[in-house]
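Visitor: A single structure is presented below for examination.
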Amino acid sequence: MRRRGEGWSAVDWRGRKVAVVGLGRENVPLARYLAARGARITGLDRQPPGDLPAAARDLAALGVRLEGGPGYLEVLASEDFDAVFLTPGMVKDAPEIQAARRRGAVITSQTNLFLHLCRAPVIGITGSSGKSTTTSLVGRILAGDGRRPVHVGGNIGRPLIEQVDDIGPDAWVVLELSSFQLELVDRSPHVAVLLNLRPNHLDVHGSMAAYEAAKRRIFRFQRPDAGDVAVFSHDDPVVRAMAADAPARTVFFGTGEGIEHGAALRDGWVGLVDGPRWRPVLPAAEVPLPGAHNLLNVLAASAVAGICGVEPETVRAAVAGFEGLEHRLQVVGEMDGRRFVNDSIATAPDRAAAALTTFDEPVVWIAGGYDKGVPFDDLAALALRRPLRAVVLTGPAAGRIHEALERASQRLDLPVPPVHRAASFDEAVETAARLARPGDVVLLSPACASYDAFRDFVQRGRRFAELVQALAAASGS
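If you use the numbering used here, the sequence shown corresponds to residues 16 to 492, in order.
Here's what the structure looks like:
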């Protein structure tokens with residue numbers, strides 16, 4: 016279909032036989048894009064065609080052949096395709112996918128196609144946590160700079176594949192990139208940002224090594240002759256060590272000493288560093304987002320701004336006006352002196368740990384959910400050192416979190432706060448509200464994915480807000 020080393024931009028899609036596997040938010044726009052260019056598309060999904068969302072069903076009107084239900088992948092082993100586009104998180108070693116590869120199909124993804132087709136410089140941001148906040152903040156900074164059009168997408172907002180032909184070389188594109196989106200890329204962004212690395216998604220990747228390998232792809236294919244730059248956390252020792260393998264120029268961000276190029280914290284100020292040159296951006300005390308982890312997000316965004324030639328005054332204005340994102344330490348209500356905080360984005364232990372360190376007030380912590388197979392021991396050890404009023408656990412991972420708290424208690428000789436098990440998410444919120452006292456924080460920071468009870472963390476966070484509002488109304492607050 017394309018010669019080795021030849022970009023996807025050279026492909027004439029007319030008459031090409033293409034399978035698009037998984038008809039969700041990322042691949043439906045891809046199918047529309049390819050159909051408009053004359054590809055013969057088969058759309059595959061585990062749901063039968065009649066059960067698909069309307070946007071996916073509407074593909075049939077564009078000539079897309081829809082196949083779904085049990086055995087939906089079998090067509091990959093029985094027909095010849097030029098390309099197979101997989102949805103993020105799809106198991107890559109499924110026998111049918113391997114059969115398609117043996118039959119000559121190129122196995123790829125919407126993200127990879129976009130990176131090949133986009134004429135504008137792309138800033139890609141990944142990490143185990145902080146991706147959405149940093150991506151949004153970089154977009155805000157570049158928009159405030161005003162010299163180029165700015166497009167923000169990827170794992171946040173909407174996929175940009177349908178707009179790719181309209182994005183000119185004078186624009187900026189800022190993409191949040193998950194490990195799932197990076198697995199199949201063979202082209203890296205022009206500016207690649209790696210925020211941090213902690214165990215996550217091990218139920219899909221299978222091992223920490225595989226998860227790290229996916230993250231490395233954000234900088235693996237960078238080219239020094241193209242002026243590419245990789246941005247690494249200096250505070251995260253694993254990420255800092257990975258910088259030695261970067262093929263292009265590297266810069267760092269962090270709160271410690273030793274940063275020669277990038278963004279650093281000095282004497283209480285966030286600033287840009289370029290050798291001996293120091294340009295202050297803003298006092299750390301003026302960062303409006305709570306928590307040490309958000310200070311690192313601001314430093315990462317500042318490092319990107321420096322690479323893009325943005326003046327410190329513009330960065331300061333963007334940071335000062337940035338209110339954060341929904342489901343990220345978002346206060347959703349107050350009731351009888353108790354503050355309710357929605358941190359549903361905390362789908363991994365390191366995110367929950369960051370949330371717990373943000374509050375000095377007593378906390379009633381709601382945790383648990385879908386079990387991704389990651390360890391909870393470090394989180395439990397940190398939790399026992401925080402002012403926890405109580406812990407309310409729910410979902411399949413509740414037992415492992417409770418066990419981790421007990422192990423940490425024995426290891427550290429610290430007491431375990433009262434632990435309550437809830438049979439449902441709604442019961443967990445109601446229990447936490449009952450246990451909290453005036454001046455306490457009720458914190459939803461689950462350390463787990465939401466798939467046991469919700470479509471995604473957004474639905475979980477909004478349900479939390481709904482329950483808080485209902486409880487407040489019932490109490491007359």
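The beta-carbon is built from N, C-alpha and C at its ideal position, and this holds for glycine as well.
#1: Between Val179 and the rest of its own chain, which residues show a CB-CB distance below 7 Å, the 5 nearest in sequence each way excluded?
#2: What's the C-alpha gap between Val347 and Pro411?
#3: Who are the Cβ neighbours of Pro433 in its own chain at under 6 Å, not counting the five residues just before and after it?
#4: Skipping 5 residues on each side, what residues in its chain have a beta carbon closer than 8 Å to that of Gly283?
#5: Since Arg367 is in the alpha helix (DSSP H), which residue starts that stretch and which ends it?
#6: Can you tell me where the beta strand (DSSP E) with Met350 in it begins and where it stops?
#7: Is DSSP giving Glu481 helix, strand or coil here?
#8: Only counting runs of 4 or more residues, tell me where the alpha helix (DSSP H) segments fall wholly within the stretch 229-306, in order along the chain.
#9: Count the C-beta pairs between the stretch 419-435 and the stretch 320-336 that are closer than 8 Å, then say yes if the count reaches three, no if not.
#10: Pull up the DSSP beta-bridge partners for Ile112, would you.
#11: Could you check which residue in Thr270, Ile416, Ala315, Tyr385 has the C-alpha nearest to that of Leu399?
#12: What does the Cβ neighbour count give for Trp380, buried or exposed, with the cut at 16 atoms within 10 Å?
#13: Can you tell me which of Ser203, Glu227, Ala207, Val200 puts its alpha carbon nearest to the alpha carbon of Arg213?
#14: Is it buried or exposed for Ala318, if we count other Cβ within 10 angstroms and need 16 for buried?
#15: Apply the 10 Å Cβ neighbour rule to Val483 and answer buried if 16 or more other Cβ atoms are within range, or exposed otherwise.
#16: What does a CB cutoff of less than 7 Å around Arg294 pick up in its chain, not counting 5 residues either side in sequence?
#17: Just confirm the distance between the C-beta atoms of Gly139 and Leu190, as a whole number of angstroms; I'd bet it's less than 8 Å.
#18: Taking 8 Å as the cut-off, decide whether the C-beta atoms of Gly53 and Gly86 are in contact.
#19: So, at 8 Å on beta carbons, what are the nonlocal neighbours of Arg40 in its own chain, with the 5 sequence-adjacent residues on each side left out?
#20: DSSP beta-bridge partners for Thr141?
#21: Please report the Cβ distance between Val407 and Ala363, rounded to the nearest whole angstrom; I am assuming they are in contact, meaning their Cβ atoms lie under 8 Å.
#22: Applying the criterion that 16 or more other CB atoms from any shown protein chain within 10 Å of the CB defines a buried residue, is Glu198 buried or exposed?
#23: In its own chain, which residues sit with a C-beta less than 8 Å from the C-beta of Arg255, not counting the 5 before and 5 after it?
#24: Roughly how many angstroms separate the alpha carbons of Glu82 and Gln474, rounded to a whole number?
#25: Given Gly159, which residues of its chain have a CB within under 7 Å of its CB, disregarding the five upstream and five downstream residues?
#26: Could you tell me the distance, in whole angstroms, from the CA atom of Val302 to the CA atom of Ala367?
#27: Leaving out five residues on either side along the sequence, give the residues of the same chain with a beta carbon under 7 Å from the beta carbon of Ala316.
#28: For the alpha helix (DSSP H) that Phe129 lies in, which residues bound it at each end?
#29: Could you check how far apart the C-beta atoms of Asn42 and Val35 are, in whole angstroms? I think they sit under 8 Å.
#30: With DSSP as the reference, label Thr57 as helix, strand or coil.
#31: List the endpoints of the continuous beta strand (DSSP E) containing Asn357.
#32: Based on the DSSP output, what are the partners of Leu408 in its beta bridges?
#33: Can you tell me which of the three DSSP states Arg40 falls into?
#34: Just checking my contact of Leu340 with Pro305 at CB under 8 Å: how many whole Å lie between their CB atoms?
#35: By the three-class DSSP mapping on this structure, what secondary structure does Phe195 have?
#36: In whole angstroms, what separates the C-alpha of Val356 from that of Asp455?
Guide: Let me lay it out:
#1: Phe129, Leu132, Cys133
#2: Approximately 26 Å, taken between the alpha carbons.
#3: Ala405
#4: Excluding sequence neighbours, Gly283 sits near Pro298, Ala299, Ala300.
#5: Going by the sequence as given, residue 367 is Ala instead of Arg. Taken as a continuous stretch (DSSP letters only), the alpha helix (DSSP H) holding Ala367 covers 364-371.
#6: 345-350
#7: helix
#8: 252-257
#9: no
#10: According to DSSP, which records beta bridges pairwise, Ile112 is partnered with nothing at all.
#11: Ile416
#12: buried
#13: Of the listed residues, the one whose Cα sits closest to Arg213 is Glu227.
#14: buried
#15: buried
#16: Gly286, Leu287, Pro327
#17: 5 Å
#18: With contacts defined as CB atoms closer than 8 Å, Gly53 and Gly86 fail to qualify as a contacting pair.
#19: Result list for Arg40: Arg173, Pro174, in chain order.
#20: Leu209
#21: The Cβ separation is near 19 Å, so there is no contact.
#22: buried
#23: Phe247, Ser248, His249, Phe267
#24: 28 Å
#25: Cβ within range, chain order: Thr329, Ala332, Ala333.
#26: 20 Å
#27: Excluding residues within five positions, the ones whose Cβ falls inside 7 Å are Thr149, Leu152, Val153, Ile156.
#28: 125-132
#29: 5 Å
#30: strand
#31: Taken as a continuous stretch (DSSP letters only), the beta strand (DSSP E) holding Asn357 covers 353-357.
#32: Ala382, Arg436
#33: Secondary structure of Arg40 (DSSP, three-state): coil.
#34: Wrong, their Cβ atoms sit about 13 Å apart, outside the cutoff.
#35: helix
#36: 11 Å
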